[in-house]
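Heads up: the sequence shown runs through residues -24 to -1, 1 to 208, numbered per mature numbering (1 follows the signal peptide of the UniProt record, and there is no 0).
Even glycine gets a Cβ: it sits at the ideal position worked out from N, Cα and C.
Reading through the structure tokens given below for one structure.
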Amino acid sequence: MLTKKLLSFFLFTIFSCQISTASADDYTDIQALVDQSTILMKSFGDDPEMTWFQHNIQYAKAVFIVPQMLKAGFFIGGSGGSGVLLSRDMKTNIWSYPVFYSMGAVSFGLQIGGEASEIVLMVMTDKGMDSMLSTSFKLGADVTVAAGPLGQGAKAATADILAFARSKGAFLGVSIEGAIVNPRDKWNAAYYKQKVSPADIIIGNTTHNPQADALRTTMAEQSKLKTTKVSY
């Protein structure tokens, strides 16, 4: 009983700190997430282990970037992070302005330790795109997800979303399946200075913030047509 209480307190402390930081409706924090996403995408573009990602991002309908996903646990674990989604015009290779989301999960099973991960999700299908524009969805349940960078054969070839991650620290049993993704409406409103939905930003193209142009330019550079397609 004491162990369970200590565990609960441990998880509550870690994720309360993480969530309180990510939930502060402060423009500086929101812009910092955009800047961190830009740095992460440039890093993925230069990483020799991300060859598949680099040659196939041009086929993605959208990309969801989570610069820092925090996980911790001792048989019972939790994870949380904030990210941005940008969609791509398949004809012009012009990327949308970012939409802000949260992603989190509670997990059970063999998992010991803590971890900070950099996660990028490539949205490959219309179903995956529709889910991102919904009020909430669960990875692995509402949409299929497969791991990168080399994929998992047939599963990766048909998955709605492909997940790429780089981790720091030690963690057993890490998986983003079961994670719930929700739009951060307050962050979107604060960044664009008006109440907007993900569809308003992605499809309606009714909002703009020039401070996200560096990220959009980076996305366009990363997704330029490459002559070589790396297979699954």
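Endpoints, the beta strand (DSSP E) within which residue i is located
i	result
I156	156 to 159
A123	121 to 123
Residue i: first and last residue of the uninterrupted alpha helix (DSSP H) it sits in
i	result
Q30	27 to 32
residue 209	Not covered by the structure: residue 209. The range shown for the chain is -24 to 208.
R192	189 to 198
residue 211	With the chain represented from -24 up to 208, any question about residue 211 goes unanswered, as that position is not in the structure.
C-alpha distance - residue i paired with residue j, whole-angstrom precision
i	j	result
D23	L138	17 angstroms
N164	H31	30 angstroms
R64	K171	22 angstroms
R142	G180	33 angstroms
L61	F40	4 angstroms
A166	Q7	10 angstroms
D161	P186	19 angstroms
K37	S112	19 angstroms
A123	T182	33 angstroms
S58	G80	9 angstroms
D106	V10	23 angstroms
K200	M98	15 angstroms
I152	L115	7 angstroms
Y35	M100	7 angstroms
residue 214	K169	The structure shown does not extend to residue 214, since the chain is modelled only from -24 through 208, so no value can be given for it.
M(-24)	N69	Its pLDDT being 47, under 50, M(-24) is placed unreliably in this model, and the value from its coordinates should be taken loosely. Those two C-alpha atoms are separated by around 56 angstroms.
F76	M66	22 angstroms
T4	H184	17 angstroms
Neighbourhood of residue i by C-beta distance below 8 angstroms, restricted to the same chain and skipping five residues each side
i	result
A175	L109
L16	I41, P43, E94, V96
A196	N69, I70, W71
Contacts around residue i, its chain only, beta-carbon distance under 6 angstroms, and the 5 residues preceding and following it disregarded
i	result
T14	A190, L191, T194
T120	A135, D136
F140	F29, V96, G124, P125
S78	S58, N158, R160
F51	Residue confidence is low: F51 scores 47 on pLDDT, short of 50, so the model does not pin down where it sits. No coordinate-derived value is stated.
S72	L62, S63, I178
Q33	With the sequence shown as reference, residue 33 is identified as Ile, and Gln is not the correct amino acid for it. Taken in chain order, the residues that qualify are Q198, S199.
G104	V119, D136, I137
Close Cβ partners of residue i (< 7 angstroms) along its chain, the five nearest in sequence each way excluded
i	result
G21	Q30, Q198
Q12	P43
P74	V10, V60, L61, L62, A188, L191
K18	T194
Closer than 8 angstroms to chain D by CB, residue i
i	result
V119	Of the chains in the structure shown, none is chain D; there is only one protein chain.
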